[in-house]
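Participant: Per this note's numbering, the sequence shown runs over residues 37 to 526.
Even for Gly, the Cβ is constructed at its ideal location relative to N, Cα and C.
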Amino acid sequence: MIKGNKKNITAVICIAAILTLTGCAQYVGMSDQTKQPDNTAVVEAEQEAVINELGRSGIYDSEDAAVVVKKDMEAGTVQFQNITSSRRYTLHYDGTTTIYDKYDQALSMEQLKEGSVVTVRFYKPRKALSYVKENPDCFSYSNVRGYSMDLGKGTIAIANELYNISGHVVVVSDGRETDMMEVNQMDELSVWGYKNMIYGIYVEKGHGYLRLQNEDFFVNGWIDVGDSVIRKVAQDMLLVVPEGTHTVTVSNRGSSATQEITFARNEEMAWDLGDVKITQVQKGTVIFTLNPVTAKVFIDGREVNVSRPVELEYGLHQMRITADGYDTVSQYIKVAEPSANIAVELEQSEEETREETGSAPAEKAADKDADRDDDKEEGTISKKYQQNSQTADEEEEEPDSDTTKKEDQKNDVASSTGRYKVYIDAPSGVEAYLDGNYIGITPISFHKAAGNYVVTLRKAGYQTRSYTLQVDAEEKDVNYSFTDLIKLDE
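1. Could you please give me the residues that DSSP links to N302 through a beta bridge?
2. From which residue to which residue does the beta strand (DSSP E) around V466 run?
3. Leaving aside the five residues before and after N488 along the sequence, list all residues of the same chain whose C-beta is less than 6 Å from its C-beta, in chain order.
4. Looking at L309 and V286, is the spacing between their C-beta atoms short of 8 Å?
5. Is it right to say N220 is buried, meaning 16 or more other beta carbons lie within 10 angstroms of its own, or is it exposed?
6. To which residues does DSSP link H353 through a beta bridge?
7. Inspect the beta-carbon positions of H27 and R301 and report whether they are closer than 8 Å.
8. Once you ignore the five residues that flank Q115 on each side, which residues in its own chain have a CB closer than 7 Å to its CB?
9. Name the DSSP beta bridge partners of L528, please?
10. Looking only at DSSP bridge pairs, what is E146 linked to?
11. Do A359 and T330 have their beta-carbon atoms positioned less than 8 Å apart in this structure?
12. So what's P328 in DSSP terms, helix, strand or just coil?
13. Counting only the same chain and skipping the five closest in sequence on each side, list residues whose C-beta sits under 6 Å from that of S517.
14. Measure the alpha-carbon distance for Y230 versus G182 and round it to whole angstroms.
15. So, at 7 Å on beta carbons, what are the nonlocal neighbours of G497 in its own chain, with the 5 sequence-adjacent residues on each side left out?
16. Looking at the structure shown, is M233 part of a helix, part of a strand, or coil, going by DSSP?
17. Just confirm the distance between the C-beta atoms of V466 and L521, as a whole number of angstroms; I'd bet it's less than 8 Å.
18. Would you say the stretch 177–197 touches the stretch 250–265, given that touching needs at least three Cβ pairs under 8 Å?
19. Take T228 and list the residues in its own chain whose beta-carbon comes closer than 7 Å to its own, dropping the five residues that flank it on each side.
20. Please state the DSSP three-state secondary structure of P479.
21. How would you call A111, buried or exposed, if buried means at least 16 neighbouring beta carbons within 10 angstroms?
22. Per DSSP, T181 is paired with what?
23. What number of angstroms, rounded off, separates the C-alpha of Y129 from the C-alpha of M273?
24. Would you call A193 buried or exposed, if buried means 16 or more other Cβ atoms sit within 10 Å of its Cβ?
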């Protein structure tokens, strides 16, 4: 009788193994004809042993295309999200789990990134993870900068390609799942998707915050954080800045102060300008070489005579160069040496080229060319530099460009009494900053004007958060409620 039972048990193991290797690893029990009524406990124990062995041996009965959501190294689990259904499930892994990149190179669990799109094989009865591989049919970008997002349309542009963002996109930053509104366009990302859809995003480098203290001397001057953030200095600012170590410079009318500061993700750093040594007013001489030579140069909104060297105070200045029939150039220049040379060759505008080739009437081409100069001027300035682009001297004069007018409108958003407003309803009782400028304690509102904004929420003893808002032009109020701030460990 014992011998017969061993045969039956052996048959069970063989059948289970064969079915597994052919893609169907469901357990097949003994038939009523072969089961021994007085040996049920032994058979069930053997069945349990077979299932456990299958769960540990890398054999699987299910395969899925999914996004890695969360890894728990202590518990030995990984959470996944199905690509098509967005259903989430958690699987256990151990030393028998194999992990590969898309090129079949072995990875450790530490190297597998949240947000990556993978092929998953697992054994359902024990939720045992057998195999993970970065899906070779999916595209990926690593350490991406210089992308642009349109959250209103749900798109992101990377390397001149436009992708849609899945409504269930997985976004992970610093081990915490977050959402697209908390991604700032200065963050460094790794991105995974399939065809034209983004399914997973991992924030490689995020952002921190900089607060200036005793900044009165530099108000209406400029602050430059590692050439990534250039802003006009105002009272009670809280700037969103890139994670990492950066050289920070504040300047006003030729006097400046510089400090190297390390910014940690989601943490706030304060720079007390009352303790820094301020350099005396210094000036540098700039020689301009232009093509065409008839081009006009405007520095901080004023035309300068470039037929001779131009003396400029140390610090940041806004330069604009125009010429009839050429695209306008508008950018920032930094004066930090006694002398410097700036050579600029303007590009002939498309409309002017068409006029020369006879593809458009002269009058029409001239009109379009004038419009194009204005458009080009606005487009040549990085969006993160467009805010507060006027200097203190400019404020006393009549603005000479559409770009300046747009910046004035944006800077007046918080104080405007427009008909429609953007409301920040929650969390309540926290400081609110609009593009770095303090606007009050929540709940609070500001005038609605179409555009991109960064709202930062802060409270002492809590982790500061910032959100990217893309406000539409619809004639109606907009309400935002955000999650409560996270209390910091004491």
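Facilitator: Taking the structure as given:
1. The partner list for N302 (beta bridge, DSSP) is empty, contrary to what the question assumes.
2. Here V466 belongs to no beta strand (DSSP E), and DSSP marks it neither H nor E.
3. Q506
4. yes
5. buried
6. I369
7. Since the first residue shown for the chain is 37 and the last is 526, residue 27 is missing from the structure and cannot be characterised.
8. Residues of the same chain with a CB within less than 7 Å of the CB of Q115, apart from the 5 flanking positions on each side, are V105, K106, R124, T126 in chain order.
9. Only positions 37 to 526 of the chain appear in the structure, and residue 528 is not among them; the question remains open.
10. In the DSSP output, where bridge partners are listed per residue, E146 has none listed.
11. The answer is yes: Cβ separation under 8 Å.
12. coil
13. D461, A462
14. 21 Å
15. Contacts found: K523, L524.
16. strand
17. The distance from the Cβ of V466 to that of L521 is about 6 Å, consistent with a contact at the 8 Å cut-off.
18. no
19. Checking the sequence, you will find Trp at residue 228 rather than Thr. Residues G151, S152, V153, C174, S176, Y235, G236 of the same chain have their beta carbon placed closer than 7 Å to that of W228, with the five preceding and five following residues left out of the count.
20. coil
21. exposed
22. Looking at the sequence itself, residue 181 is Arg, so the reference to Thr does not match. Beta-bridge pairing links R181 to no other residue.
23. 47 Å
24. exposed
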